[in-house]
Structures are given as structure tokens and as C-alpha cells.
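Protein chains: 2
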Amino acid sequence: MTTTDMASTRLARAAAAAAPIIEFVDSPLGRRADDPRTSNFLFGNPQEMPLASFTASLHRWAEPRHKDWFAYQTYVRTAQQAVAENLRSRYGLPFLPDDVVLTTGAFGGLSMLLNGLIEAGDEVVYFSPPWFFYEAMTLFAGATPVKIALRPPAFDLDLDEIGRALTPRTRAVILNSAQNPTGRVYSADTLRQLAGLLEKASAANGRPVYLFSDEAYSRIVYGGRRFETPTAFYPYSFLIYTYGKVLLTPGQRLGYVAVSPAMPGRDTLRRTFMATQMIQGWTFPNALMQYTVPDLEGQSIDIGHLERKRDRLVGALRDAGYQLESPEATFYLLPRAPIADDQTFCGRLADHDILCMPGSVFDLPGYFRISITASDQMIEQAIPGFRAAME
Amino acid sequence: MTTTDMASTRLARAAAAAAPIIEFVDSPLGRRADDPRTSNFLFGNPQEMPLASFTASLHRWAEPRHKDWFAYQTYVRTAQQAVAENLRSRYGLPFLPDDVVLTTGAFGGLSMLLNGLIEAGDEVVYFSPPWFFYEAMTLFAGATPVKIALRPPAFDLDLDEIGRALTPRTRAVILNSAQNPTGRVYSADTLRQLAGLLEKASAANGRPVYLFSDEAYSRIVYGGRRFETPTAFYPYSFLIYTYGKVLLTPGQRLGYVAVSPAMPGRDTLRRTFMATQMIQGWTFPNALMQYTVPDLEGQSIDIGHLERKRDRLVGALRDAGYQLESPEATFYLLPRAPIADDQTFCGRLADHDILCMPGSVFDLPGYFRISITASDQMIEQAIPGFRAAME
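Chains as they are written, first to last, in the working numbering: chain D, 1 to 391; chain Z, 1001 to 1391.
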């Protein structure tokens, strides 16, 4: 009896696409994340204690108000209302509570969209360097990932290339603004041009090309810059969000997908999404977390502090001779590795107790990623090591 | 541009299979669940306030102990240890912490197994009347559901029929003991015979036929009866569990899959399951819920009270002329409807403010299901109405 193939073909293919990140987590470098002597720049994980306000909200809503407090929940109304109200006031768009689908983070939201809407054999466009799981999740949904490069140093959207990549089989484009790992926020002008391309492709295809807009970092934007939601420019848009970034609580699995108020057929979509979340394994966020949403809408880590950490570290790295842009948003700096082999270079940094992620983990060899969720102390402690590794 | 087909074919097929329950929840009868005047016997949902010990555990573990408290978590070690220890002491089987895969309830566990292990085109056997989502979830995983009837009044496993249903394409059998909705607990002898059939099929097929053992109700067993885990009898077994039943907190999404200690290739499976949970959308239970597991292992609703409710209602229904067995386990009574049309009969009960689920929702027309999670008061209030509806 064979036990060597203990995974479905679909899972095995998807896992192969995610192998760089899955293997990195379990690598000698990845496993040093728990070592308290290090300056840990690896993941968008907290390096300081959680927000007291977040913990207070958990306590507040853990207290049952009625017998159904911990009963089966699909979408808690107060959560839907709080999200819709925030989106309306932030973007001036008429988002409705009924169009807010609570999910277990942006991860869960994207999974719902891909598995609920995308046909086997459909093409899904994404941009690279990408977030770690776009390709794997697309494959797991039975679809075909189509990669478009974001070219350094600006990592702009190449609209000509997008136009050429849209085919009769294209069903969705996954766009991540503010972008992990490049820190780019796309402008209204770019988003309008992208929308034009998608409108044209939708008309040509006789069915919409969806825009899956991953806005996990939409509130982590620097320099008082205005964040434009890509969903404002194109009707067939889904706004994907997680509270895991702005609160640095990724282990608490809470986010949403908001359907564009301009989307035709929203009533049908509501039924699709509820069925998808049920059949995927009742993937609604748990009751307690849904109750906290109205509180959490008003909470945030200190973005000014993040910006000061960005400035301190960008300055120190440039002084040390590194080439990097200052990100407009997100947790991430993306310097060029001073040698071609980013993995070797990250190993060299680790010898100085500095943990960074090699670009080859996210399809960008020759670069490495620094998460500024690291504490001030970690940053100060690391600067001499960054200098030494450069020399 | 068409918007009529706003769902993937895969989702649409699966949702069609789940349509009876999805439509029932949204039906006039299902929507009366919120009406406080009713005796609500519809779902395995709480009809009394949550356990104080459960709430206390949420408070206890909401308090962060270190900076990583709400960081990304896969499997919290203390949760894995508590589960393995409980299973070892309960069943005398050497379950290991590493083989405990934390999931968002039994629902999430089954989804992980089906999507991680089952090949498109494989056959998955299940028994009917079934839990609501087996067929839909099997279809969503790309596999072919194969239904075997449990015949009233005993609803025993028909081993001959199982033997005939196992084919070269059979990849898994989903067994639910204690069984929703029949209340049956299968005996060691039956489970041993089933294991024999599966061993034989596995040998013939050259690959294992897995046993997905849904044990959501394993701690809700009456009369001091011993619960035998089906996983004790067959090596290729997965024990699926949720805390949602024994604590009546189904909204909190917490459970596990424990891999049989006799399973060959467990190291490979661990990697498969972690990848599956990541790629399904990071479906690990949230950090807070995982921390509570060692507490929750020691908590339970009052099973003696449930048993008294069972006895009271079984007695009263029989006195009123209903035909039903007294369930050995689970929340459910399963009387015959006194008229052929169970939906019409449940409508008649609803006229007496009694909410029950028609058997046609779970592939057993002519019967109806009563959840004894209803309060004593609801039960006493309903008895005259049950009598009147019979007349």
C-alpha cells in the first residue's frame, strides 16, 4: 500500500507554488524567529505587546448578552454596519451593510472569492513580486495564474503589459495596493487606466473580469498620503480587508470582503458568498471577533511611529550604502541585496542576529524584505550589523 | 454582460446539494428561530445562557502573556498536548500532540480532509440520513458522493451494502458516530466489521480507503454508555471533533482532526494538512480560541440534564402517540411524522409555536427532528402542542 502520495493532486500543485514561503518558515533562518537575541524583520508580526484597546474589546465582547451569544453566526449585523459606515465615510461610496461579507482575514476573503467565483481553467492575473499565496490559492481553486512583473525600482503597473495579458479566459485580476512587498500605492490615474482595460476586456469577453482588490495595508500609509481604493474606479470590484495588519493581530483571523456598490447582481452574489463560506467549512469569523468589529474600526497601531521607524531605517541603510526606495505604505522596506545571491546575503545578516526575508522567497531574487514591525530597539541594534554585512 | 452565473460551477453544484438546508434556514419556518414565543427545537443551538466557565476561559486567555500572543499561529502546542492527553486517557490509544490538527470546528476539519486528500473523481461514501453538508462538501472537493441508506427504525450500518458500495475509486468513508440525526452509537463489533471491509478494499485498491470519523457528539452519550471511537479499529482513520456541541458554542469555531496513531506516513500528512490549511485561507482557529483548549477539555454542558430532557420528551411524545426511538446519544429525537408530508406536519407544529426540522431537509421524508438543546420550559410548553398536532 502506498503512502507516498498523501495529498490530493490539487493540493500538491498548490503547495508546490507556495513551497518557497512554506519551506522558508521551516528553514534554519525562518526558525530563528523565536530567538529573542535577534532583530526580527521577517514577517508582519508584532514585536511589541498588543494594543491594550484590542484586549479590552475582547474582554468587553466575551461577556454574553443573551443565549445566542455563541450560537452559529453568519454575519453579525453590527459588524456589517460598522464596516459599511466606515467605508462610506472614508471613500464617499455607498457601501451597504448587506454587501459586507465577514471573513477570517484577507486570506479567507480571497479564498472565498477564488473558490466561489472562478471557474476551473479561468485565468487569474496577479502581479509579482506578489504576496506569498496568490499563485497557490489560484491553483487550488482550479484556475490558471497569470503573472505580470512589477519592474524595479518603481514597481509600477505596466498597463501595456496588462492589456496584453488579458485574454478571453481572464476572469479576475488580483491587485494589491498598498503593495506588499514594494510599498507602492497606486494613483487614481493608474487605477482609472486599469479600470479602462478591465472594462474593455469584460465587454470583449461577454462576462466581467473581476477586480480582487487586496487592501490589507490600506490604513498603513505614510506622509499623509491619500489612499485610493481601486474599487472606486471599476464596478466589478471586491474590496478585501483584514484587521490583522492595522492592529498587528494576524492570529485573530478577522477581515471582510466588501462588494462594490456599483456591482450588478449583488443579491445573487450574497447568496453565492454565504454558500461558499458554509461549504468551505463554515468559514465565517467566530462570534466574539465579529462583535468586536465596531470597536476595532476605531483602533490602530501608531502609524506615525511606524513612519519614524521607516525613516530611521531607510536613512541608516542608505548611509550604509544600500539601495532602496522609501515605501509609501505597508510594513516593508525592499533593499537590493549587495550581492546577487539574496539568500547568502540574508544568511550573512543572520550571522549579525538580523533576520530578513530573501527576495527569492517572493519571486524577487537580488532583493530582501525588512518588516518595520520590529521594535525601535531591534532597529538600533541592527544598524551596525547592516553596516558590517555591507562591508 | 451576463450576471446570472455569479458562482463557479463547482460552487453551484455543491450549493445545489446543500439547498435543502440553506433554503430551510431562510424559509418562513427557519426564520421563526428568533421568535421568543416559540419552543425552538430547530438546530443544535443554545437555548440557555452560555457556560460561565467558557466565558471565564475567554477572559483568562484574552490577556496577552507576550508580544506574540495574537501573532500568526498554526498549532498552539498547549492545545495539541491537551487534546492528545485527553484522547490517550479516554481511549487508551497513543495519540501524539504532533498528530492533532487544530481546526475551525468539525466543519473545518472535514473540509481540510476532503480538499487536502481526495482526488477529483474519487468516491466518498457517506450514510443517509446524513449531516447536512457531507454531500455538498464532497462535491466541492471535486469528488463523487456515494450515499448508503441507514434504514429505520434501527438505522444500523448495513455492512453488506457498504461492501457492495466500495469500488476501486473509493477514497474515503465518512462515518458519524454518535450519529446526527438518528442518535445511534455504533458498537465495537460493527466498527470492527466495517474496518475489515475497509482493509479489504484498501488492499484491493492498492491505496488506503480513509475513514473520516465525525465524532462531534462523542461526549453527548446517554445511559452511561461507553463511546467507542471508530478510529480505534482501523489505521487509516481521522478523528474529527468540535467543541461546539459539548459546550453549545458553535459560533466560536474550534475543533480538531486527530490522526490515528496507527496511521502510516504521519509525517507526510502533517505537511499536507498544514499546507491545506494555509492555502484554504489560513483556516487555523484563532489564537485566543487555541489557548482555551486545555480549559475547554474539562468543560461540558450538563449531559445528565440533556438526558432528563430526552426522557421527558420521548415519554411525552410516545404518550401522545408518536413513534420514535430513544436516542443513545446526540441532541436529537427523530419521530415519524404522523402524516406522510413532514413539511406540512412541521408547519402544523409551528402553528402551535413549536419549531422542528422536517426530515426532507436531511433526506428522510416522513420524519422530523427535535433538538433537545431546547430549555425545560420550551419542552413543557410544547407538549400540549405536540399532542394537539397529533390529533
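The beta-carbon is built from N, C-alpha and C at its ideal position, and this holds for glycine as well.
* To do: Go through its chain and collect everything with a Cβ distance to alanine 1329(Z)'s Cβ below 7 Å, but skip five positions before and after it.
  => Position 329 of the second sequence, counted from the first residue, corresponds to residue 1329(Z). Excluding sequence neighbours, alanine 1329(Z) sits near Ala1178, Gly1183, Val1185, Tyr1217, Ile1220, Val1221 and Tyr1222.
* To do: Report the rounded CA-to-CA distance for alanine 1017(Z) versus alanine 1316(Z), giving the unit in angstroms.
  => Residue mapping note: residue 1017(Z) aligns to position 17 of the second sequence, counting from 1. Residue mapping note: residue 1316(Z) aligns to position 316 of the second sequence, counting from 1. When rounded, the distance between both Cα atoms is 35 Å.
* To do: Return yes when the Cβ of alanine 172(D) is within less than 8 Å of the Cβ of phenylalanine 127(D), no when it is not.
  => By one-based count along the first sequence, residue 127(D) stands at place 127. By one-based count along the first sequence, residue 172(D) stands at place 172. Not closer than 8 Å, so no.
* Asked: For the candidate residues Leu1096(Z), Asp1160(Z) and Phe1233(Z), whose alpha-carbon lies nearest to that of alanine 1195(Z)?
  -> Here residue 1195(Z) corresponds to residue number 195 of the second sequence, with the count starting at 1. For alanine 1195(Z), the nearest C-alpha among the options comes from Phe1233(Z).
* According to DSSP, is isoleucine 1372(Z) helix, strand or coil? -> The count along the second sequence starts at 1 and reaches residue 1372(Z) at position 372. Coil at isoleucine 1372(Z), not helix or strand.
* Short check: CB of glutamate 48(D) to CB of lysine 1067(Z), under 8 Å? -> Here residue 48(D) is taken as the residue at index 48 of the first sequence, counted from 1. Here residue 1067(Z) is taken as the residue at index 67 of the second sequence, counted from 1. Closer than 8 Å, so yes.
* Since lysine 1147(Z) is in the beta strand (DSSP E), which residue starts that stretch and which ends it? -> If you number the second sequence from 1, residue 1147(Z) lands on position 147. Taken as a continuous stretch (DSSP letters only), the beta strand (DSSP E) holding lysine 1147(Z) covers 1144-1149.
* **Distance, proline 36(D) Cα to alanine 7(D) Cα** => On the first sequence, residue 7(D) is found 7 positions in, with the first residue counted as 1. On the first sequence, residue 36(D) is found 36 positions in, with the first residue counted as 1. C-alpha separation (whole angstroms): 36 Å.
* Which of helix, strand or coil DSSP assigns to phenylalanine 1140(Z) -> Reading the second sequence from its first residue, position 140 is the one you call residue 1140(Z). Looking at phenylalanine 1140(Z) - three-state DSSP - the assignment turns out to be helix.
* **Cβ shell of asparagine 1115(Z) (< 7 Å), same chain only, five flanking positions each side left out** => The residue labelled residue 1115(Z) in the question sits at position 115 within the second sequence. If we look at asparagine 1115(Z) and ignore the five residues flanking it on each side, its Cβ neighbours are Ala1141, Thr1276 and Gln1280.
* Rank Ala258(D), Ile118(D) and Ser202(D) by C-alpha distance to the C-alpha of alanine 106(D) and give the top, closest one. => Here residue 106(D) refers to the residue found at position 106 of the first sequence. Looking at the Cα atoms, Ala258(D) is the closest of the given residues.
* Nearest residue (CA-CA) to alanine 1262(Z), options Leu1093(Z), Thr1078(Z), Ala1019(Z) and Ile1022(Z) -> Working through the second sequence from its first residue, we reach residue 1262(Z) at position 262. Nearest of Leu1093(Z), Thr1078(Z), Ala1019(Z) and Ile1022(Z) to alanine 1262(Z), Cα basis: Leu1093(Z).
* With 16 other CB atoms within 10 Å as the buried threshold, where does leucine 110(D) fall? -> Taking the first sequence and counting its residues from 1, one reaches residue 110(D) at position 110. When all chains shown are included, leucine 110(D) counts as buried.
* To do: Given a cut-off of 8 Å, decide if isoleucine 1383(Z) and lysine 1309(Z) are closer than it, judged by their beta-carbon atoms.
  => Within the second sequence, the letter at position 309 stands for residue 1309(Z). Within the second sequence, the letter at position 383 stands for residue 1383(Z). Not a contact, by the Cβ cut-off of 8 Å.
* Between the CA atoms of glycine 1044(Z) and leucine 1349(Z) - distance to the nearest angstrom -> If you number the second sequence from 1, residue 1349(Z) lands on position 349. If you number the second sequence from 1, residue 1044(Z) lands on position 44. When rounded, the distance between both Cα atoms is 19 Å.
* Since tyrosine 1072(Z) meets chain D, which of its residues come closer than 9 Å, beta carbon to beta carbon? -> Along the second sequence, read from residue 1 onward, the residue named residue 1072(Z) stands at position 72. Here the neighbours are Phe43, Gly44, Asn45, Gly244, Pro250 and Gly251.
* Asked: Could you give the residue range of the alpha helix (DSSP H) that holds serine 1027(Z)?
  -> Along the second sequence, read from residue 1 onward, the residue named residue 1027(Z) stands at position 27. Looking at the DSSP string, serine 1027(Z) is not in any alpha helix (DSSP H), and its letter there is neither H nor E.
* Any beta strand (DSSP E) of 3 or more consecutive residues that is wholly inside the segment 1198-1224 of chain Z -> 1210-1214
* To do: Using a Cβ cut-off of 7 Å, pull out every chain Z residue sitting near phenylalanine 140(D), in sequence order please.
  => Here the question's residue 140(D) lines up with position 140 in the first sequence. Those within 7 Å of phenylalanine 140(D) in chain Z are Ile1279.
* Same chain, Cβ closer than 8 Å to phenylalanine 1024(Z), five either side skipped, listed in chain order -> For this step, residue 1024(Z) is matched to residue 24 along the second sequence. If we look at phenylalanine 1024(Z) and ignore the five residues flanking it on each side, its Cβ neighbours are Gly1030, Met1357, Pro1358 and Val1361.
* **Where isoleucine 174(D) falls: helix, strand or coil (DSSP)** => The residue you call residue 174(D) lines up with position 174 of the first sequence. Reduced to three states, the DSSP call for isoleucine 174(D) is strand.
* Mind checking proline 1153(Z): buried by the 16 CB within 10 Å criterion, or exposed? -> For the purposes of this step, residue 1153(Z) is identified with residue 153 of the second sequence, where counting begins at 1. Under this definition proline 1153(Z) is an exposed residue.
* Rounded to whole angstroms, what's the CA-CA distance from serine 1053(Z) to aspartate 1295(Z)? Just pull it up for me. => For the purposes of this step, residue 1053(Z) is taken as the residue at position 53 of the second sequence. For the purposes of this step, residue 1295(Z) is taken as the residue at position 295 of the second sequence. The straight-line gap from Cα to Cα measures roughly 9 Å.
* Would you mind telling me which residues of chain D sit closer than 8 Å to serine 1039(Z), beta carbon to beta carbon, in chain order? => Within the second sequence, the letter at position 39 stands for residue 1039(Z). What serine 1039(Z) touches in chain D: nothing, since even the nearest Cβ is about 14 Å away.
* To do: Kindly say whether methionine 6(D), judged by its beta-carbon, lies nearer than 8 Å to any beta-carbon of chain Z.
  => The sequence position of residue 6(D) within the first sequence is 6, counting from 1. It does: the Cβ of methionine 6(D) has a partner Cβ on chain Z nearer than 8 Å.
* 8 Å Cβ cutoff met for isoleucine 174(D) and tyrosine 134(D) -> Taking the first sequence and counting its residues from 1, the one referred to as residue 174(D) is at position 174. Taking the first sequence and counting its residues from 1, the one referred to as residue 134(D) is at position 134. Result yes, Cβ atoms of isoleucine 174(D) and tyrosine 134(D) sit closer than 8 Å.
* Asked: In this structure, does DSSP put asparagine 45(D) in helix, strand or coil?
  -> For the purposes of this step, residue 45(D) is identified with residue 45 of the first sequence, where counting begins at 1. The answer is coil: DSSP assigns asparagine 45(D) none of H, G, I, E or B.
* Asked: Is there a Cβ from chain D that is less than 8 Å from the Cβ of glycine 1105(Z)?
  -> For the purposes of this step, residue 1105(Z) is taken as the residue at position 105 of the second sequence. With 8 Å as the cut-off, glycine 1105(Z) counts as an interface residue toward chain D.
* Nonlocal neighbours in the same chain, by C-beta distance under 7 Å from alanine 374(D), ignoring five residues either side -> Position 374 of the first sequence, counted from the start, is the residue given in the question as residue 374(D). Cβ within range, chain order: Ser39, Asn40, Phe41 and Gln47.
* lysine 147(D): buried (16+ other C-beta within 10 angstroms of its C-beta) or exposed? -> Within the first sequence, numbered from 1, the residue matching residue 147(D) stands at position 147. Lysine 147(D) is exposed by the Cβ-count criterion.
* Asked: Is any beta-carbon of chain Z found at less than 8 Å from that of arginine 318(D)?
  -> Residue numbering aside, residue 318(D) sits at position 318 when the first sequence is read from its first letter. Chain Z, which has no Cβ nearer than 8 Å to the Cβ of arginine 318(D), makes this no.
* To do: Let me know the secondary structure DSSP gives isoleucine 421(D) once reduced to three states.
  => In the structure as shown, chain D starts at 1 and stops at 391, and residue 421(D) therefore has no counterpart that could be examined.
* State the Cα-Cα distance for the pair proline 285(D) and glutamate 1307(Z), rounded to the nearest angstrom. => The residue given as residue 285(D) occupies position 285 in the first sequence. The residue given as residue 1307(Z) occupies position 307 in the second sequence. So the two alpha carbons sit approximately 32 Å from each other.
* Asked: Distance, Cα to Cα, valine 1100(Z) vs glutamine 323(D)?
  -> Start at 1 with the first residue of the second sequence, and residue 1100(Z) comes out as number 100. Start at 1 with the first residue of the first sequence, and residue 323(D) comes out as number 323. Straight-line Cα distance between these residues: approximately 45 Å.
* To do: Could you tell me whether any Cβ in chain Z is nearer than 8 Å to the Cβ of tryptophan 69(D)?
  => Taking the first residue of the first sequence as position 1, residue 69(D) is located at position 69. It does: the Cβ of tryptophan 69(D) has a partner Cβ on chain Z nearer than 8 Å.
* Contact belief for leucine 51(D) with isoleucine 301(D) at Cβ below 8 Å, rounded distance in angstroms -> Counting from one through the first sequence, the residue named residue 51(D) turns up at place 51. Counting from one through the first sequence, the residue named residue 301(D) turns up at place 301. The pair is a contact, with the Cβ atoms about 7 Å apart (cut-off 8 Å).
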